[in-house]
Ligand code: SAH
Ligand code: MG
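Residue numbers (my numbering): -4 to 206.
This is the structure we're talking about:
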């Protein structure tokens, strides 16, 4: 289990990670860090750093770095007029979402600045030229079809054998939520034969790389 003080900080941070799913995310990352020691971890989609506290705590427990990938401009559904818009993350100088200051503040408050490195940019562009194999990959970035597909294609091969791919917002039932993470990440991962599901908690799916 994550340190209770860090858990409190995660729960006080803006974002979209329910507590039980965050706890499951922490367990999955620790499991990955134990089965593939010394390989670093990546989170795609950090927003204000809520889920990053759980994964960063796991990375620190395993003695590795967590790269937190986000352009910090918000996803489609975070923009003004959409369901998940929050005007407190809009930079008044530009009128655009900028979650990087919130993210940095969360990492400082949680004492995870030595473990978590912010990587700011487009996830598919960064993933395409990424050079390190990973023990743990968590995909929770854009939920549009093209972006979800691009994230899967750019990142999944970086997961080492016995490493873990965790995917958030996987809904098999269209009435429960958008289908992009399910259809463009989860299903392709399973049908590739490279990943096997080991657990599901809420909309969080945890897959292990098997070949
Ligand atoms: N994991 C966070 C929520 C992430 S919300 C939590 O649990 O609280 C999704 C994030 O993905 C947003 O911060 C958005 O800026 C980022 N994002 C969306 N599309 C992206 C892209 N193509 N490249 C980089 N980041 C992206
Ligand atoms: Mg999510």
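Yeah, the Cβ is synthetic: ideal placement off N, Cα and C, and Gly gets one too.
Keep in mind the model is a prediction, meaning the values are calculated, not measured.
- [ ] Answer yes or no: the CB of residue 11 versus the heavy atoms of ligand 4, is any distance below 7 Å?
- [x] Looking for ligand 4 in the displayed structure turns up nothing; the ligands present are ligand 1 and ligand 2.
- [ ] Determine the direct distance from the alpha carbon of residue 128 to that of residue 73, and round the result to whole angstroms.
- [x] 31 Å
- [ ] Kindly indicate the opening and closing residues of the beta strand (DSSP E) around residue 4.
- [x] Per DSSP, residue 4 belongs to no beta strand (DSSP E); it is in the alpha helix (DSSP H), -1 to 6.
- [ ] Tell whether a beta-carbon distance below 8 Å holds between residue 110 and residue 61.
- [x] yes
Open item on the list: Using 8 Å as the threshold, is the C-beta distance between residue -3 and residue 49 below it?
Closed with: yes
Task: Pick from 25, 88, 75 that is closest to residue 58, judged by C-alpha positions - done: 25
- [ ] Taking only the alpha-carbon atoms, compute the straight-line gap between residue 40 and residue 171 and give it to the nearest angstrom.
- [x] Rounded to whole angstroms, residue 40 to residue 171 spans 21 Å at the Cα level.
Open item on the list: Taking the beta strand (DSSP E) that residue 75 belongs to, which residues open and close that run?
Closed with: Here residue 75 belongs to no beta strand (DSSP E), and DSSP marks it neither H nor E.
- [ ] Measure the alpha-carbon distance for residue 168 versus residue 101 and round it to whole angstroms.
- [x] If you take the alpha carbons of residue 168 and residue 101, they lie about 33 Å apart.
TODO: Look up residue 158 in the DSSP assignment and say whether it is helix, strand or coil.
DONE: strand
Open item on the list: Is the beta carbon of residue 64 closer than 8 Å to that of residue 121?
Closed with: yes
Task: Buried or exposed by the 16-neighbour rule on C-beta atoms within 10 Å, applied to residue 205 - done: Sixteen is the threshold: since fewer than 16 other Cβ atoms of the shown chains lie within 10 Å of the Cβ of residue 205, the residue is exposed.
Task: Anticipated Cβ contact below 8 Å, residue 160 with residue 190, distance rounded - done: 6 Å
- [ ] Scan the segment 48 to 92 and note each continuous beta strand (DSSP E) run of 3 residues or more that stays entirely inside, going in chain order.
- [x] 61 to 65
Task: Environment of residue 79 [buried if 16+ CB atoms lie within 10 Å] - done: exposed
- [ ] Using DSSP bridges, identify the partner residues of residue 37.
- [x] 62, 132, per the DSSP bridge assignment.
Open item on the list: Can you look up residue 170 in the DSSP assignment and give me helix, strand or coil?
Closed with: coil
Open item on the list: Starting from residue 202, trace the beta strand (DSSP E) in both directions and tell me its first and last residue.
Closed with: 199 to 204
Open item on the list: DSSP has residue 112 in a bridge; who is on the other side?
Closed with: 62
- [ ] Confirm the yes/no value for this check: CB of residue 65, any heavy atom of ligand 1, distance under 7 Å.
- [x] yes
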